[in-house]
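Going by my numbering, the sequence shown opens with residue 47, and the numbers climb by one from there.
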Amino acid sequence: MTKIVFLDRDTIGPDIALTKPSATHEWVEHASTRAEEVVERLQGATIAVTNKVPIRRESLEKLPDLKFVTVAATGYDVIDIEACRERGIAVSNVRGYAENTVPDHAMALILLLSRSLPGYRQDVIDGEWQKAGQFCFFNHPIFDLAGRRLGIIGEGVIGQGVAKRAEAFGMKIMFAAHKGVEGLGPLYTPFDEVIETADVITLHAPLTPKTRNVLAMPEFRRMKKKPLIINTSRGGLVDEADLVQALEEGLIAGFGFDVLTKEPPAPDNPLLQVLGRPNVIVTPHVAWASNEAMGEVWRQVVESIDKFVEGEPVRRVV
């Protein structure tokens with residue numbers, strides 16, 4: 047009988063029903079798994095399901111029965127792809143599930159910060175409205191999105207989804223050319239122009255050696271419009287220490303981040319030092335996590351298992 051082990055069930059919300067594959071199988075799931083537990087928990091398993099639990103070469107060498115790994119995410123950097131290839135272990139991921147949920151989250155951050163809603167909400171909690179002496183007060187700036195320039199770093203499905211939503215608010219869209227690259231075509235605005243003229247910059251690019259710290263102090267110092275910075279893509283696209291320095295120096299208007307370089311954040315992460323600011327929002331990597339999106343992730347996971355058992359694997363990366 048095929049043994050299937052899900053290493054980190056808690057990475058899928060509790061409201062999502064985990065339907066099981068069609069093939070006869072033994073199903074084992076763990077809420078979470080530490081790196082040192084991987085080998086023990088995958089002993090005898092033919093199929094492993096993981097979201098964020100790493101499966102590295104040293105583990106694979108001790109798992110002779112493992113034939114297939116399905117990743118409950120698009121990114122598969124937690125898997126030692128080369129070691130899987132050498133051992134004939136197939137690997138699949140999930141794709142396209144976040145085309146609505148992440149753009150919605152990015153747009154929500156833009157709206158919240160452009161209206162200074164976190165600050166005003168806290169003011170009401172703190173009693174500032176009661177002390178105001180008139181029907182309203184003006185503790186924080188508010189700006190309309192119509193006519194504002196939105197710079198999008200990343201022109202894929204997610205970036206396009208944000209553009210569609212922002213256009214509905216009357217924003218002017220600029221897809222940034224890749225940093226240091228020219229001649230990419232009419233879709234793109236030169237990277238430097240985006241940095242210098244955007245009122246809001248939102249990141250939707252993969253994390254690669256070329257995109258790591260694509261925004262850092264040299265870029266912040268060139269931002270003439272003091273933009274909002276939004277990141278719902280990957281931690282590491284923005285230098286976090288430089289981001290906080292830019293905030294302190296007034297080079298940016300604020301930021302909304304759903305992803306950090308290390309998750310959960312270490313106590314010394316500089317972003318944690320400014321969480322109380324009215325122009326800062328940090329959410330715990332939940333932009334992807336609408337019920338609809340998580341349901342689609344799981345549908346694709348089950349499909350990948352069924353197709354592998356049938357000898358027709360889908361969405362293979364190995």
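C-beta: ideal position from N, C-alpha, C; glycine also.
{"Check": "Under 8 angstroms: do the segment 327-340 and the segment 58-71 share three or more Cβ pairs, one atom per stretch?", "Outcome": "yes"}
{"Check": "Give the secondary structure of Val137 by DSSP, where H, G and I count as helix, E and B as strand, and everything else as coil.", "Outcome": "strand"}
{"Check": "Going by C-alpha distance, which of Ala214, Thr278, Tyr166 and Ser138 is nearest Cys182?", "Outcome": "Tyr166"}
{"Check": "Ignore the nearest five residues each way along the sequence and tell me which others in Thr329's own chain have a CB closer than 7 angstroms to its CB.", "Outcome": "Asp304"}
{"Check": "On the three-pair Cβ rule with 8 angstroms, is the segment 147-161 touching the segment 211-224?", "Outcome": "yes"}
{"Check": "Would you report the Cα separation of Gly282 and Glu342, rounded to the nearest angstrom?", "Outcome": "27 angstroms"}
{"Check": "Roughly how many angstroms separate the alpha carbons of Leu297 and Ala178, rounded to a whole number?", "Outcome": "30 angstroms"}
{"Check": "So which of Leu249, Met263 and Lys108 has the shortest CA-CA distance to Gly205?", "Outcome": "Leu249"}
{"Check": "Considering Cα atoms alone, identify which of Gly231, Asp190, Phe221 and Phe237 is closest to Phe215.", "Outcome": "Asp190"}
{"Check": "Any idea what DSSP makes of Ala152, helix, strand or coil?", "Outcome": "helix"}
{"Check": "Check Arg345 in the structure and name its three-state DSSP category.", "Outcome": "helix"}
{"Check": "Where does Glu201 fall in DSSP's three states?", "Outcome": "coil"}
{"Check": "Please report the straight-line C-alpha distance between Pro310 and Gln180, rounded to a whole angstrom.", "Outcome": "42 angstroms"}
{"Check": "Using only alpha-carbon positions, find the residue among Asp245, Lys113, Glu295 and Val148 that is nearest to Arg267.", "Outcome": "Glu295"}
{"Check": "Looking at C-alpha atoms only, which residue of Gly134, Cys130, Arg80 and Val137 is the closest neighbour of Leu53?", "Outcome": "Arg80"}
{"Check": "Would you be able to state if there are at least three C-beta pairs under 8 angstroms between the segment 344-356 and the segment 104-124?", "Outcome": "yes"}
{"Check": "Given a cut-off of 8 angstroms on the beta-carbon distance, is the pair Cys130 and Val364 in contact?", "Outcome": "yes"}
{"Check": "Where Trp175 and Ala312 are concerned, what is the direct C-alpha to C-alpha distance, given to the nearest angstrom?", "Outcome": "36 angstroms"}
{"Check": "Ignoring anything shorter than 3 residues, give me the beta strand (DSSP E) runs that lie fully in the segment 90-133, in order along the chain.", "Outcome": "93-96 and 114-117"}
{"Check": "Please report the residue range of the alpha helix (DSSP H) in which Met263 lies.", "Outcome": "Met263 to Phe266"}
{"Check": "Among Met269, Leu88 and Leu306, which has the Cα closest to the Cα of Asn277?", "Outcome": "Leu306"}
{"Check": "Which whole-angstrom value describes the C-beta separation of Asp288 and Ala262, a residue pair presumed to lie in contact below a C-beta threshold of 8 angstroms?", "Outcome": "5 angstroms"}
{"Check": "Which residues bound the alpha helix (DSSP H) around Phe237?", "Outcome": "Phe237 to Thr243"}
{"Check": "In chain order, what residues of the same chain lie with their CB nearer than 7 angstroms to the CB of Leu318, ignoring the 5 residues before and after it?", "Outcome": "Pro311"}
{"Check": "Indicate the three-state DSSP secondary structure (helix, strand or coil) for Thr147 in the structure shown.", "Outcome": "helix"}
{"Check": "Would you kindly work out how many angstroms separate the C-alpha atoms of Thr235 and Arg161, rounded to a whole number?", "Outcome": "27 angstroms"}
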